[in-house]
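Here the sequence shown stands for residues 2 to 247, where the numbers follow the working numbering. Heads up, the beta-carbon is just placed ideally off N, CA and C, and yes, glycines get one too. What follows is one structure encoded as structure tokens, with my remarks underneath.
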Amino acid sequence: MSASEQATDDYAALAELAGGFIHEIKNHLNTLQLNLQLLGEDFEEPQNQRERRALTRVQRLQGECQRVVELSNDFLRFARIKDLALEPSDLNKLVNEMIDFFLPTAQAARIEIKNYLPTDLPLVPLDLEMFRQVLLNLMLNAVQAMPDGGELILQAAIENQHVALSLIDTGAGIAPEALSKIFRPFYTTKSKSGGTGLGLATTKRIVEAHHGAIGVQSEPGKGTKFTIHLPCEGSQARSASKGALP
Numbered sequence: 002m003s004a005s006e007q008a009t010d011d012y013a014a015l016a017e018l019a020g021g022f023i024h025e026i027k028n029h030l031n032t033l034q035l036n037l038q039l040l041g042e043d044f045e046e047p048q049n050q051r052e053r054r055a056l057t058r059v060q061r062l063q064g065e066c067q068r069v070v071e072l073s074n075d076f077l078r079f080a081r082i083k084d085l086a087l088e089p090s091d092l093n094k095l096v097n098e099m100i101d102f103f104l105p106t107a108q109a110a111r112i113e114i115k116n117y118l119p120t121d122l123p124l125v126p127l128d129l130e131m132f133r134q135v136l137l138n139l140m141l142n143a144v145q146a147m148p149d150g151g152e153l154i155l156q157a158a159i160e161n162q163h164v165a166l167s168l169i170d171t172g173a174g175i176a177p178e179a180l181s182k183i184f185r186p187f188y189t190t191k192s193k194s195g196g197t198g199l200g201l202a203t204t205k206r207i208v209e210a211h212h213g214a215i216g217v218q219s220e221p222g223k224g225t226k227f228t229i230h231l232p233c234e235g236s237q238a239r240s241a242s243k244g245a246l247p
């Protein structure tokens, strides 16, 4: 067995182990959540200060349980990304579908989405469901960076047999000391309740599983630009062998 085959087997075994472990945790969490729900119902109409404190603590525990469930789900997605079902796909069509899907969220946050993708982009090999997650993660990240509203700009260009897709926001930007850590698992600049720290790490793994690469440019107070490089149809083998940005 070659070293690469051994690494693949080790990865699959680790992913299976992680999946089983998380499944067991979620079973216990479900039991805990059910009991907290029943306990909360007992204090649904608190009669005194003591019962009001008890209800507050129950609700806090319910929130923490839900956070662990979300973290478990995010970790499973992160651990299981490996070989994707890539098919020649119309990136422009996918982006437009995601904009339509995301538009109500953007409008509620007073964010204007501007789409400047050219209509004649070449096909790119995509796992459509997984790449939708990439776009959704980056769009949500942009909304969180613009609490007072702003613009989300999407643009694309052809660069050395790759499509370079950029998502640009006019938000708060990322501090220089955080920029190099932004794709690390469990790293987050949000508050403790604001995310698991796996969104951008998962995004990076999905992009790399597409034989692509993702980079970020940002300046505090001026916004952030995420750029994804994806090989055009027919060039993914060469891209994979190079393993870096074109």
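For residue i, which residues does DSSP report across the bridge?
| i | result |
| --- | --- |
| Phe227 | Leu168 and Val217 |
| Leu127 | Glu88 |
| Leu153 | Ile114 and Asp170 |
| His163 | Glu160 and Pro232 |
Note down the Cα distance separating residue i from residue j, rounded to an integer number of angstroms.
| i | j | result |
| --- | --- | --- |
| Gly235 | Gln218 | 29 Å |
| Ser167 | Leu141 | 15 Å |
| Gly21 | Glu71 | 16 Å |
| Leu153 | Leu35 | 40 Å |
| Leu246 | Cys233 | Unreliable positioning characterises Leu246 in this predicted model, as indicated by a pLDDT of 44, which lies under 50. The coordinate reading is nonetheless provided below. Between Leu246 and Cys233, the C-alpha separation is close to 13 Å. |
| Gly151 | Glu46 | 42 Å |
| Asp149 | Ala179 | 22 Å |
| Thr171 | Ala55 | 43 Å |
| Leu87 | Asp43 | 51 Å |
| Arg51 | Leu39 | 18 Å |
| Asp101 | Val135 | 16 Å |
| Ala110 | Glu160 | 33 Å |
| Glu25 | Val69 | 13 Å |
| Thr221 | Thr120 | What sits at residue 221 in the sequence shown is Pro, not Thr. Near 32 Å, if we compare the C-alpha coordinates of Thr120 and Pro221. |
Helix or strand or just coil, what does DSSP make of residue i?
| i | result |
| --- | --- |
| Ala158 | strand |
| Gly198 | coil |
| Ala176 | coil |
| His29 | helix |
| Gly21 | helix |
| Pro186 | coil |
Excluding the five sequence neighbours on either side, which residues of its own chain have a C-beta within less than 7 Å of the C-beta of residue i, listed in chain order?
| i | result |
| --- | --- |
| Leu118 | Asn93, Val96, Leu155, Gln156 and Ala157 |
| Leu122 | Leu92, Asn93, Ala157 and Val164 |
| Glu113 | Glu152 |
| Pro89 | Leu124, Pro126 and Glu234 |
Under 6 Å Cβ to Cβ from residue i, same chain only, skipping five residues before and after it: list those, please.
| i | result |
| --- | --- |
| Gly41 | Val59 |
Excluding the 5 residues flanking residue i on each side, which residues of the same chain have their C-beta closer than 8 Å to its C-beta?
| i | result |
| --- | --- |
| Leu37 | Val59, Leu62, Gln63 and Cys66 |
| Pro186 | Phe79, Gly198, Leu199 and Ala202 |
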